[in-house]
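Residue numbers (my numbering), protein chains in the order written: chain A, 34 to 303; chain B, 34 to 303; chain C, 34 to 303; chain D, 34 to 303.
This is how it looks when you write it as structure tokens:
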């Protein structure tokens, strides 16, 4: 009897229909980041109880727009580029667990379903959104340059509500594109029981991160960031901006090839 | 320490950001169905090994377009209707498990992320797609009537590839809108381990179905159905049409309020 | 030599590619309307100089959401419904020209390109937008009823900025769904010269309206309306709400089959 | 009395709502081109009678995907990038008029309404479509390089029907990215009378082209191109591929600032 194939749903005899193919997954893109401080109490409130605040700058937040092209091993996605290109806008804080400092994504919107699927597997709390970020072209004047004065805009909306606007104006090359998203991620993966109120069938803490990073020169500069809430999405209220730390632009390549289980509270018998 | 809330991701202190709020979920809509026969070997091949073919008409398939408006208990979604309205196109076969006949969805595309989230929780193998179905209006001539000769079109595409076209021409009132999707659903819910190749952390067989059905008069008639494959989605190759059984239209209301665990093969320690 | 065919662009030997086929065009749908008063000075400011304010209630404005299914004579669009269904949200004021009172659309967003094309031909100042309005279903609880207490929401956004929110709560059957959009339309059609600064090659005032109206019972009730501006679209600033007059819901069918030239200021030699 | 402002609709007191602001318009982007030969009879058939075939290679066709970021003089669009970025896929042939050889766009799909508006002003027969083209990133492996062997995919769909697929594999730097789209454009601009069957109120032949071209190095190579028809769009049937000539990639910047009237057949009195 033929075994069904497919890393994620749907499984078929060939496995071709899977919303996400087998790892590894490869990414080329750009990151536009705004880092800011909020009151650490807000970060504390968005972390599950078992996690602690980071020791230094516990109120630091990174809001990142990633403009990705991605593919799996055979790179077939690159030739049907609607299946390869997407944007994501996400919010990262830091936390501490058993003495180790981690980064943790607490909100994220992406533009394609395959990216949602990858994210749920990885513990990213992904939803669909409409994200845009200014691109860099090498010719003409309808583009910023990666140079002092280069100005980038970025926006996010979901369900037709504008949720975030950012502007980053580059000043100079810097060592890194921020410090908040610089650790291994510590993420929760859970699936509620199909029985109402019974708890979670799956409930894991996992850690993961990219490998084979191929990094361009980071640029830093000034940033503006406006956050909004809608009826369906919270940003301004959960991690309000107290003080902008800076803005960054960087071209990056990275590979994702899985992670490690950290703790398990699953109850698969429900 | 505040406890995070949210039925599904992301969790926040208020729970408002959850991609899906708590059950129950309420649905009002229309179903356009084409039922057909394929070779039972194709149905066998798309079922996991532990399931058996149904005893009668094991090669029967239902291709269903649902045009939904849905909401949760406070009905807030109805007043921001982008958050409430969506379409889905899905393929249902039947199967047998421990002597009981079930319906099972083997492929499904929806137009909104909250519908993906609900589906993954329920074991529907949901992806995003672009689904359309002719609507019924009560005035003017740019509409079919729910009457003999009423003609409905329905289409599905994903990643800019057309995957299905259907036409249903109504003939007469009938007792039900098909028999394939008439049992409790038997669905698989699984989440691969974050460790590559380690198997599934969650792996359940669950059953579920709607409650409080509020059904309109079913109409039956003739149907045409074209299925296609793309590089990313299989329809024509996995469940090819051998013989059309009929087409149906029905207005329906239904509530979803969870299901029951049937079998568990999870390994949350990976 | 074959003559090219096509009511609007692109023309081809068959005419099949035209973004809009030949008239007549048929529409079935629903209208959700909020009527309100603004200061007549705002209406005056949004009218071209050659038009006058209406004699009575010159500050009256109608904000209308239309949820359409439309087709041309062979009704082929109905069977590929993505080509048939669209929404539009539009703002209508009244004006007077040579002693006759007209309705005039001063802002409109639609969800499909064929609707933009029809609109530009008709003098509607159409742009793309994302419009949503609560639908009525006959079964289940995720729907308002066309009855006292029935509550409808409607929203508009463009370029990811929310531009309008409305809620209409039905009270009782009424004679008509408002008075602002009840006259023949008086619209401007113009095309700037391809030479910068040279003026308009086409510059006409035309009148038009639907024919063969097939109207359902109008319902009236209370309404709320919020308007916003974005960087690209003006609503709150051009026709601010002073006083809500009422809200309406009506199912309608209508046919469009052209109009009449009223005045011409074209200069096609530029 | 305040004069209304707005290059194109809608006009308002400020002019801010215009779907397109005043020229000049600035573009930065990339062009992926496939040139091929069709039977010149097909080119003849898609030209209006008053135009002649080009003298040399009259059956040559260019299918071009452009991935644009564009803005007007104040560059505000660049900071709300959803208003700035779009793709277009278009088909260009050549023709001769009064002894001069021109390029002429006979089919074009774009992803934003402002691009439709600019196009109709310019005589491009624009419709909405979904266009995608592989992008070049400087880091990681999920990207082609602008180098021998670099492989680019491009696709087009409209109304959920796939219309074109292309693959270009770069070989070497070349002098230009094709010859078909290398002349001034000769375009038709027309608006039918609002009176059915009365002819065209506006009917002009105009010429236009970009200025201030800032061109990157052109790369040439091998190409594949598949064309399809849908019920609403003709490609395979109007300009079928007989022989592929080559494929090209080039980064470009350009400015558009109007054109010149060539011939007028308008009848604004209808």
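Heads up, the beta-carbon is just placed ideally off N, CA and C, and yes, glycines get one too. For clarity, every value in this text was computed on a predicted model and none was experimentally measured.
Output the distance between the C-alpha atoms of residue i and residue j, rounded to the nearest integer angstrom.
{"i": "residue 34(A)", "j": "residue 159(D)", "result": "Summary for residue 34(A): the model assigns pLDDT 49, below 50, so the residue's position carries little reliability; its value from the coordinates is reported in the next sentence. Computed Cα separation, rounded: 52 Å."}
{"i": "residue 168(A)", "j": "residue 251(D)", "result": "21 Å"}
{"i": "residue 213(C)", "j": "residue 135(C)", "result": "9 Å"}
{"i": "residue 172(D)", "j": "residue 298(B)", "result": "41 Å"}
{"i": "residue 78(A)", "j": "residue 289(C)", "result": "57 Å"}
{"i": "residue 145(B)", "j": "residue 284(A)", "result": "31 Å"}
{"i": "residue 163(D)", "j": "residue 180(B)", "result": "36 Å"}
{"i": "residue 110(D)", "j": "residue 116(D)", "result": "5 Å"}
{"i": "residue 199(A)", "j": "residue 184(A)", "result": "10 Å"}
{"i": "residue 240(C)", "j": "residue 221(D)", "result": "26 Å"}
{"i": "residue 224(B)", "j": "residue 267(D)", "result": "44 Å"}
{"i": "residue 271(C)", "j": "residue 89(D)", "result": "55 Å"}
{"i": "residue 286(D)", "j": "residue 157(D)", "result": "19 Å"}
{"i": "residue 86(A)", "j": "residue 132(A)", "result": "11 Å"}
{"i": "residue 93(B)", "j": "residue 202(B)", "result": "20 Å"}
{"i": "residue 64(B)", "j": "residue 101(B)", "result": "9 Å"}
{"i": "residue 98(D)", "j": "residue 152(D)", "result": "15 Å"}
Can you give me the start and stop residues for the beta strand (DSSP E) that residue i sits inside?
{"i": "residue 102(A)", "result": "93–104"}
{"i": "residue 73(B)", "result": "Taken as a continuous stretch (DSSP letters only), residue 73(B) belongs to no beta strand (DSSP E), being part of the alpha helix (DSSP H) at 73–79."}
{"i": "residue 297(D)", "result": "292–297"}
{"i": "residue 136(D)", "result": "133–143"}
{"i": "residue 236(A)", "result": "233–241"}
{"i": "residue 174(A)", "result": "From DSSP, residue 174(A) is part of no beta strand (DSSP E); its letter is neither H nor E."}
{"i": "residue 221(A)", "result": "218–225"}
{"i": "residue 190(B)", "result": "184–191"}
{"i": "residue 163(A)", "result": "163–166"}
{"i": "residue 86(A)", "result": "Element bounds for residue 86(A): n/a, residue is neither H nor E."}
{"i": "residue 68(A)", "result": "58–70"}
{"i": "residue 118(B)", "result": "118–130"}
{"i": "residue 280(D)", "result": "276–289"}
{"i": "residue 255(B)", "result": "251–260"}
Applying a beta-carbon distance threshold of less than 9 Å, which residues of chain A neighbour residue i?
{"i": "residue 151(B)", "result": "Here the premise fails: no neighbours, minimum Cβ distance about 11 Å."}
{"i": "residue 163(C)", "result": "193"}
{"i": "residue 38(B)", "result": "In chain order: nothing, as chain A lies at least about 11 Å away."}
{"i": "residue 286(D)", "result": "170, 171, 172, 173, 174, 175 and 176"}
Is any beta-carbon of chain F found at less than 8 Å from that of residue i?
{"i": "residue 175(B)", "result": "The displayed structure is made up of protein chains A, B, C and D, and chain F is not among them."}
Below 7 Å on C-beta distance, what does residue i contact in chain A?
{"i": "residue 195(C)", "result": "193, 194 and 195"}
Which residues in chain B have a C-beta closer than 9 Å to the C-beta of residue i? List them in chain order.
{"i": "residue 209(C)", "result": "Those do not exist, as residue 209(C) stays about 15 Å from chain B at its closest Cβ, beyond 9 Å."}
{"i": "residue 200(C)", "result": "112"}
What does residue i touch in chain D if you count any residue whose Cβ is under 8 Å from its own?
{"i": "residue 235(C)", "result": "224, 234, 235, 299 and 301"}
Note down, in chain order, every chain C residue with its Cβ under 8 Å from the Cβ of residue i.
{"i": "residue 188(A)", "result": "193"}
{"i": "residue 116(D)", "result": "192, 264 and 265"}
Quick one: does the C-beta of residue i sit closer than 7 Å to a heavy atom of the ligand GDP?
{"i": "residue 137(C)", "result": "Inclusion of the ligand GDP in the displayed structure is not the case, the ligand content being empty and no account of it being possible."}
Run down chain D in chain order and give the residues with a C-beta less than 7 Å from the C-beta of residue i.
{"i": "residue 290(C)", "result": "229"}
{"i": "residue 113(A)", "result": "186 and 188"}
Starting from residue i, trace the alpha helix (DSSP H) both ways and give me its first and last residue.
{"i": "residue 200(D)", "result": "Residue 200(D) -> not in any alpha helix (DSSP H); beta strand (DSSP E) instead, spanning 194–207."}
{"i": "residue 152(C)", "result": "146–155"}
Residues of chain B with CB under 8 Å from residue i, in chain order?
{"i": "residue 148(A)", "result": "Neighbours of residue 148(A) on chain B: none; closest Cβ ~10 Å, over 8 Å."}
{"i": "residue 60(C)", "result": "173 and 175"}
{"i": "residue 50(C)", "result": "Going along chain B, no residue has its Cβ under 8 Å from residue 50(C), so there is no contact; the nearest lies around 18 Å."}
Assuming residue i contacts residue j (C-beta within less than 8 Å), just tell me the rounded distance between them.
{"i": "residue 150(D)", "j": "residue 119(D)", "result": "At roughly 12 Å, the Cβ-Cβ gap does not stay under 8 Å, so residue 150(D) and residue 119(D) are not in contact."}
{"i": "residue 125(C)", "j": "residue 95(C)", "result": "4 Å"}
{"i": "residue 227(D)", "j": "residue 243(C)", "result": "At roughly 14 Å, the Cβ-Cβ gap does not stay under 8 Å, so residue 227(D) and residue 243(C) are not in contact."}
Applying a beta-carbon distance threshold of less than 8 Å, which residues of chain A neighbour residue i?
{"i": "residue 102(D)", "result": "167, 168, 170, 175 and 176"}
message: Within 8 Å, do at least three Cβ pairs link the region 250–268 of chain B to the region 49–58 of chain C?
response: Taking a cut-off of 8 Å on C-beta distances, the region 49–58 of chain C does not touch the region 250–268 of chain B, as fewer than three cross pairs fall below it.
- prompt: Below 8 Å, can you find three or more Cβ-Cβ pairs linking the region 178–189 of chain D to the region 184–193 of chain C?
  reply: Flag = no, the region 178–189 of chain D and the region 184–193 of chain C do not touch.
message: Any contact between the region 40–48 of chain C and the region 263–281 of chain C? By contact I mean 3 or more CB pairs, one from each, below 8 Å.
response: Segments in contact, no.
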